[in-house]
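Trainee:
Chains as they are written, first to last, in our numbering: chain D, 72 to 163; chain U, -16 to 229.
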């Protein structure tokens, strides 16, 4: 796959059950322990912020820094890896 | 995978914090909090200059608890959205370099720019519960992780040593409520229970739920699991390159 030098992000989700690694060419989401690959995506992502997804409703965000501006993209969870339903919502 | 919405900011996004109902976008000197269901802006909070994007948001519990850098250096503000109250914790006299909250937001661990100590506070009472000693040399703290039961805490730094501290928090819990005062008297100062030496690379860490394993991931994409069941030197169990796992 990618060269080691291309790693741009590593991070866990909130309960540390998943981890993500992002490179210049894509990212993958894995089960933390034992280590199992959940999801991979190829080219087209610049940078993954820390805690870019949560569980059980996994909603990844991605952002770039074109010039002085930042764009934050919201991706529906049902198109990624929806692992369940939220148990409670404060700001409903 | 399609994009359903985009939020644009005039300054770079430093970090993001998410929970089921809200998410917080951390800019260099402000935090924007949005409702996740309809992306309505819920809160704007001015902060100390925050190029590291330091911010914590509890992931469990009915109500959000947000910790961020107050404008006074060394002070962390904890906002309880349940009643819109803010508690100020004077963590250090110098700048805070790293902070992490446990999942329900009851505890806040932080390190200063010297990285010699980790201080753990109760977010509700603002009380200093533990002072954990990392070392006598200056260090940049890269990650602090709470064990799910709060019995242990792990710290990584640019010195290359991973420290595991035994805090015994769950021993003080009765009927789901923590009696932290009792623990604070007993564990007020301590050095690490177990250590693991790794090369000087940026490393993040977390605890596996088996009560004996810490997971380490380096910025080069290396994955390590180490066993800390015995005090002293941790044992390396697994080592993989994450980019090569199928």
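Even glycine gets a Cβ: it sits at the ideal position worked out from N, Cα and C.
Predicted model, so just to flag it, every value in this text is computed and none were measured.
What are the partner residues of residue 101 of chain D, as DSSP defines its beta bridges?
Mentor: When DSSP reads this structure, residue 101 of chain D sits in a beta bridge with D:90, D:108.
Trainee: Among U:129, U:65, U:123, which one has its Cα closest to the Cα of residue 83 of chain D?
Mentor: U:129
Trainee: Go to residue 29 of chain U, then tell me how far its beta strand (DSSP E) extends in each direction, as first and last residue.
Mentor: 24 to 29
Trainee: Mark residue 4 of chain U as exposed unless 16 or more other C-beta atoms lie within 10 angstroms of its C-beta, in which case mark it buried.
Mentor: buried
Trainee: With distances taken between CB atoms, is the gap from residue 110 of chain D to residue 191 of chain U smaller than 9 Å?
Mentor: no
Trainee: Name the residue from U:202, U:116, U:37, U:44 whose alpha carbon lies nearest to the alpha carbon of residue 60 of chain U.
Mentor: Nearest of U:202, U:116, U:37, U:44 to residue 60 of chain U, Cα basis: U:37.
Trainee: On the CB-based measure, 16 or more other CB atoms within 10 Å of its CB, does residue 196 of chain U come out buried or exposed?
Mentor: Looking at its Cβ environment, which holds 16 or more other Cβ atoms inside 10 Å, residue 196 of chain U is buried.
Trainee: Can you tell me whether DSSP reads residue 53 of chain U as helix, strand or coil?
Mentor: Three-state result, residue 53 of chain U: coil.
Trainee: Kindly indicate if chain U contains any beta-carbon less than 9 Å away from that of residue 109 of chain D.
Mentor: No, residue 109 of chain D does not count as interfacial toward chain U.
Trainee: Check the DSSP bridge columns for residue 210 of chain U and list the partner residues they point to.
Mentor: U:196, U:218
Trainee: Decide if residue 219 of chain U is buried, meaning its Cβ has at least 16 other Cβ atoms within 10 Å, or exposed.
Mentor: exposed
Trainee: Taking C-beta pairs closer than 9 Å, name the residues in chain U that residue 98 of chain D reaches, listed in chain order.
Mentor: By Cβ distance, chain U contributes nothing, its closest Cβ being about 11 Å from residue 98 of chain D, past 9 Å.
Trainee: Taking the beta carbon of residue 137 of chain D as the centre, do at least 16 other beta carbons fall within 10 Å, making it buried, or is it exposed?
Mentor: Confidence in residue 137 of chain D is poor, its pLDDT being 35 and thus under 50, which makes the residue's placement unreliable; the coordinate value appears in the next sentence. Exposed.
Trainee: Can you tell me the Cβ-Cβ gap for residue 293 of chain U and residue 18 of chain U, rounded? I've got them flagged as a contact below 8 Å.
Mentor: Because chain U is modelled from -16 through 229, residue 293 of chain U falls outside the range shown and cannot be assessed.
Trainee: What does DSSP give as the partner residue(s) for residue 15 of chain U in the beta ladder?
Mentor: U:8, U:27
Trainee: Rounded to the nearest angstrom, how far is the Cβ of residue 178 of chain U from that of residue 217 of chain U, given a contact under 8 Å?
Mentor: 7 Å
Trainee: Whose Cβ in chain D lies nearer than 8 Å to the Cβ of residue 187 of chain U?
Mentor: 81, 82, 83
Trainee: What are the residues of the stretch 194 to 206 of chain U that lie near chain D, defined by any Cβ-Cβ distance shorter than 9 Å?
Mentor: 196, 198, 200, 201, 202, 203, 204, 205, 206
Trainee: Within the continuous beta strand (DSSP E) that includes residue 123 of chain U, where are the two ends?
Mentor: That residue, residue 123 of chain U, is in no beta strand (DSSP E); it is neither H nor E in DSSP.
Trainee: May I ask you to list, following chain order, the residues of the stretch 65 to 95 of chain U that have a beta carbon less than 7 Å from some beta carbon of chain D?
Mentor: 86
Trainee: Using a Cβ-Cβ cut-off of 7 Å (strictly less than) and excluding sequence neighbours within five positions of residue 140 of chain U, which residues of its own chain qualify?
Mentor: 98, 117, 122, 123, 124, 125
Trainee: Name the residue from U:184, U:41, U:78, U:77 whose alpha carbon lies nearest to the alpha carbon of residue 90 of chain U.
Mentor: U:41
Trainee: What span of residues does the beta strand (DSSP E) with residue 82 of chain D cover, start to end?
Mentor: 78 to 83
Trainee: Since residue 23 of chain U and residue 13 of chain U should fall inside the 8 Å C-beta cutoff, what is the C-beta to C-beta distance between them, to a whole number of angstroms?
Mentor: That belief does not hold up - the Cβ atoms of residue 23 of chain U and residue 13 of chain U are roughly 17 Å apart, past 8 Å.
Trainee: Between residue 106 of chain D and residue 204 of chain U, which are expected to be in contact by the criterion C-beta below 8 Å, what is the C-beta distance as a whole number of angstroms?
Mentor: Their Cβ separation, rounded to whole angstroms, is 12 Å, which puts residue 106 of chain D and residue 204 of chain U out of contact at 8 Å.
Trainee: Grouping DSSP H, G and I as helix and E and B as strand, with all else coil, what is residue 227 of chain U?
Mentor: helix
Trainee: For residue 90 of chain U, report the span of its beta strand (DSSP E) as first-last.
Mentor: DSSP places residue 90 of chain U inside the beta strand (DSSP E), whose first and last residues are 90 to 95.
Trainee: So, with DSSP's three-state summary, where would you put residue 136 of chain U?
Mentor: strand
Trainee: Could you tell me the boundaries of the beta strand (DSSP E) in which residue 146 of chain U lies?
Mentor: 144 to 149
Trainee: Output the distance between the C-alpha atoms of residue 136 of chain U and residue 63 of chain U, rounded to the nearest integer angstrom.
Mentor: 24 Å
Trainee: With 9 Å set as the bound, which would you pick, yes or no: does the beta-carbon of residue 34 of chain U sit closer than that to a beta-carbon of chain D?
Mentor: no
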